[in-house]
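If you read the protein sequences in the order shown, they are chains A and B.
Letter by letter, the first sequence follows residues 9 to 223 in the working numbering.
Letter by letter, the second sequence follows residues 7 to 16 in the working numbering.
Idealized CB from N, CA, C, for every residue including glycine.
Nothing here was measured: the structure is a model prediction, and the numbers come from that model.
Read the structure below first, then the notes.
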Amino acid sequence: MNIFRLAGDMTHLFSVLVLLLKIHTIKSCAGVSLKTQELYALVFAARYLDIFTNYISLYNTVMKLIFLGSSFSIVWYMRYHKIVRRSYDKDQDTFRHYFLILPCLLLALLINEKFTFKEVMWTFSLYLEAVAILPQLVLLQRTRNIDNLTGQYVFLLGAYRALYILNWVYRYFTEPHFVHWITWVSGLVQTLLYADFFYYYFQSWKNNQKLHLPA
Amino acid sequence: LDKILYHDEL
């Protein structure tokens with residue numbers, strides 16, 4: 009494992025911890041999109057179908073369990089926790105996330121590396137992860153006062169994707185036959201979706217102002 | 007080696 013991959017995984021882990029911290033200690037999920045969180049739970053469920061059959065390393069298995077456990081518990085908190093769910097901006101979080109799932113599934117059935125159930129589900133999870141942030145970005149645009157933790161959560165998620173691209177560049181030059189077009193293209197699309205957010209995040213940081221995305 | 011199915015990334 010290279011430094012970019014490790015840094016990417018750690019950034020991903022921190023993003024989840026920041027979100028859980030907000031939900032668990034402040035008992036608030038204001039500004040967080042339940043739609044995006046549900047999509048992530050689905051992404052991990054589809055991708056980690058091989059968790060008990062394809063052993064790679066202890067690190068790998070533990071991280072998979074953390075991402076599965078955290079994503080489902082975040083969804084649970086936002087839907088059912090009697091205090092947390094009151095802070096959910098239901099009227100603002102209107103993105104039709106079901107409309108993302110079907111096209112991703114169809115695309116995975118058409119474009120995949122191997123037509124098997126596990127491989128199609130893996131590919132589906134890559135396509136879905138690429139667009140899963142969209143409901144969150146739309147919600148951020150509608151939120152007048154984005155609190156620091158929510159801004160940091162999205163920033164860390166974007167940083168994780170950027171680091172994964174550096175990881176692929178590194179692996180491409182250091183490993184023989186390391187070519188994964190599906191992973192790379194969907195990963196690149198995913199990272200580009202953050203470009204706009206990054207721009208405004210750094211602007212607000214530079215000018216020491218609160219983060220605000222223009223409509 | 008079946009590189010494709012060796013999904014070692016998260």
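- Excluding sequence positions up to five before and after A:Gln149, its CB lies within less than 7 Å of the CB of Leu221, Ala223, all in the same chain and listed in chain order.
- Taking 8 Å as the upper bound for CB-CB distance, A:Gln217 and A:Val26 are not in contact here, some 21 Å apart.
- Per the coordinates, the alpha-carbon of A:Phe125 lies some 18 Å from the alpha-carbon of A:Tyr63.
- Cβ proximity to chain B below 9 Å picks out Glu121, Lys122, Thr124, Lys126, Glu127, Trp130 from the segment 114 to 131 of chain A.
- Between A:Leu142 and A:Gly16, the CB-CB gap reaches or exceeds 9 Å.
- Counting other Cβ atoms within 10 Å of its Cβ, A:Leu29 stays below 16 and is therefore classed as exposed.
- The alpha carbon of A:Ser194 has as its nearest neighbour, out of A:Glu183, A:Tyr178, A:Ser133, A:Trp84, the alpha carbon of A:Ser133.
- Per DSSP, reduced to three states, the secondary structure at A:Glu183 is coil, with no helix or strand assignment.
- Here the alpha carbon of A:Arg179 sits roughly 19 Å from the alpha carbon of A:Gln198.
- Interface annotation, A:Asn10: not in contact with chain B, CB-CB separation never under 9 Å.
- Here A:Leu165 carries a helix assignment [DSSP, helix/strand/coil].
- At least one CB of chain B lies nearer than 9 Å to the CB of A:Met71.
- A:Thr191 belongs to the set of residues whose beta carbon lies under 9 Å from a beta carbon in chain B.
- For A:Thr19 and A:Phe75, the gap between their C-alpha atoms comes out near 12 Å.
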